[in-house]
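S.K.: Chains as they are written, first to last, in the working numbering: chain A, 185 to 262; chain B, 1445 to 1672.
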């Protein structure tokens, strides 16, 4: 790589860009986590069925959708 | 003068005790030996609901391995008081941004852009929701089920570890209540250790409410299952 380009990259480095990358990576892992929560809640609802089961399922979906929404917001507005 | 002769003869001999040698059980025994499904409606009056830590004949609750004739007698969870710690942590987490926004100007020397502030706040409150939701799931799915035939223990320790074990009631040998600590005495909850025979697993009902009622019911059901 051209040494000038490395210098430019160093000069144009923004800590907020690094923060954005870090936040997006964190949110990707968080989405995987929410998927596991959603899957586990579904499996457990199958093991123990009660009147509250649909609400548990709904809460796990809201949880997942909230994190996906934040990921999209972070991707677009940061 | 004392009576030396009393004309009215009284039969001083007691009637011989008639032992019930009839192999047919008397009414009381029959009643006791009946399976629980045949009990009266009043005895099966539900107490608590599907969200409480002590439910008696809960309505609308089924578990995966439940037989058609099997009936849930008790559904137990850890006492509601045991959730205090994570509720407190969630509350601290929820109010933290308020204190942070007031005090941040003293220890953060640079300005955080508004869009970052909003995203940080959204992530933070999603984390708070996650803490509440996961701890609730662990409490909600960690159940001890007592049916008219067996004991089922569903252990949901965390998102990646769960264990479901069951034992027939006629294999139960010993029920021990273990209570310690001030909190347990005040709120009337304890651990119940159920020892079973042979290769059947032992059970540890952790922090269940009304332990004396639960232990009595287990013993009652065990006796009933032995009689059948």
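Glycine included, every Cβ here is placed at the ideal spot set by N, Cα and C.
1) With contact counted as at least three CB pairs below 8 Å, one residue from each stretch, are the region 1573-1592 of chain B and the region 1512-1529 of chain B in contact?
2) Answer yes or no: does any C-beta atom of chain A fall closer than 7 Å to that of residue 1570/B?
3) Establish whether the CB of residue 233/A and some CB of chain B are separated by less than 7 Å.
4) What in chain C is Cβ-close to residue 1565/B, meaning under 9 Å?
5) Taking only beta-carbon positions, decide if residue 1507/B is within less than 7 Å of chain A.
6) DSSP three-state label for residue 224/A, please.
7) Please tell me whether residue 259/A has its Cβ less than 7 Å away from any Cβ of chain B.
8) Span of the beta strand (DSSP E) holding residue 1509/B?
9) So, do the region 1575-1584 of chain B and the region 1594-1602 of chain B have three or more beta carbon pairs nearer to each other than 8 Å?
10) Let me check one thing: in DSSP terms, what residues is residue 1594/B bridge-paired to?
11) For residue 1639/B, which residues does DSSP report across the bridge?
12) Would you kindly work out how many angstroms separate the C-alpha atoms of residue 234/A and residue 1500/B, rounded to a whole number?
13) Taking C-alpha atoms, which residue in 1504/B, 1632/B and 1618/B lies nearest to residue 1624/B?
14) Using DSSP with H/G/I as helix, E/B as strand and the rest coil, what is residue 232/A?
15) Using a beta-carbon distance below 7 Å, is residue 250/A in contact with chain B?
16) Tell me which residue opens and which closes the alpha helix (DSSP H) that residue 1499/B is part of.
17) For residue 262/A and chain B, any beta-carbon pair shorter than 7 Å?
18) Can you tell me whether DSSP reads residue 1654/B as helix, strand or coil?
19) Can you find a CB in chain B that lies within less than 7 Å of the CB of residue 206/A?
20) Taking C-beta pairs closer than 7 Å, name the residues in chain A that residue 1587/B reaches, listed in chain order.
21) In this structure, does DSSP put residue 1520/B in helix, strand or coil?
22) Write down the C-beta distance between residue 1579/B and residue 1669/B rounded to the nearest angstrom, noting that I regard them as a contact closer than 8 Å.
23) In chain order, what residues of the same chain lie with their CB nearer than 7 Å to the CB of residue 1486/B, ignoring the 5 residues before and after it?
M.R.: Looking at the atomic coordinates:
1) yes
2) Position 126 of the second chain, counting from 1, holds the residue named residue 1570/B. Chain A contact via Cβ: present.
3) Position 49 of the first chain, counted from the start, is the residue given in the question as residue 233/A. Residue 233/A counts as touching chain B.
4) In the structure shown, chain C cannot be found, because the protein chains are A and B.
5) Residue 1507/B sits at position 63 when you count from the first residue of the second chain. Output row for residue 1507/B: interface = yes.
6) Within the first chain, the letter at position 40 stands for residue 224/A. Reduced to three states, the DSSP call for residue 224/A is helix.
7) Stepping through the first chain from its first residue, residue 259/A is reached at position 75. Chain B, which has no Cβ nearer than 7 Å to the Cβ of residue 259/A, makes this no.
8) Here residue 1509/B is taken as the residue at index 65 of the second chain, counted from 1. Neither: residue 1509/B is in no beta strand (DSSP E) and is coded neither H nor E.
9) yes
10) Stepping through the second chain from its first residue, residue 1594/B is reached at position 150. Answer is 1612/B.
11) Sequence index remark: in the second chain, residue 1639/B carries index 195 (1-based). Residue 1639/B pairs with 1618/B.
12) Taking the first chain and counting its residues from 1, the one referred to as residue 234/A is at position 50. Taking the second chain and counting its residues from 1, the one referred to as residue 1500/B is at position 56. Spanning the two alpha carbons is a distance of roughly 14 Å.
13) Translated into the one-based positions of the second chain, residue 1624/B becomes position 180. Closest by alpha carbon: 1632/B.
14) Stepping through the first chain from its first residue, residue 232/A is reached at position 48. Correct three-state label for residue 232/A: strand.
15) The residue labelled residue 250/A in the question sits at position 66 within the first chain. Yes, because at least one Cβ of chain B sits closer than 7 Å to the Cβ of residue 250/A.
16) For the purposes of this step, residue 1499/B is identified with residue 55 of the second chain, where counting begins at 1. Here residue 1499/B belongs to no alpha helix (DSSP H); instead the beta strand (DSSP E) covers 1498-1500.
17) Counting from one through the first chain, the residue named residue 262/A turns up at place 78. Yes, residue 262/A counts as interfacial toward chain B.
18) As a first step, residue 1654/B must be located in the second chain, where it is residue number 210. Here residue 1654/B sits in coil by DSSP.
19) One-based indexing of the first chain puts residue 206/A at position 22. Judged by the 7 Å Cβ criterion, residue 206/A is not in contact with chain B.
20) The count along the second chain starts at 1 and reaches residue 1587/B at position 143. Per Cβ cutoff of 7 Å: 232.
21) Within the second chain, residue 1520/B is the residue found at index 76, counting from 1. DSSP places residue 1520/B in strand when its eight states are reduced to three.
22) Start at 1 with the first residue of the second chain, and residue 1579/B comes out as number 135. Start at 1 with the first residue of the second chain, and residue 1669/B comes out as number 225. About 36 Å separates the two Cβ atoms, so there is no contact after all.
23) For the purposes of this step, residue 1486/B is identified with residue 42 of the second chain, where counting begins at 1. Bear in mind that the predicted position of residue 1486/B carries a pLDDT of just 46, short of 50, making it too unreliable to give a figure here.
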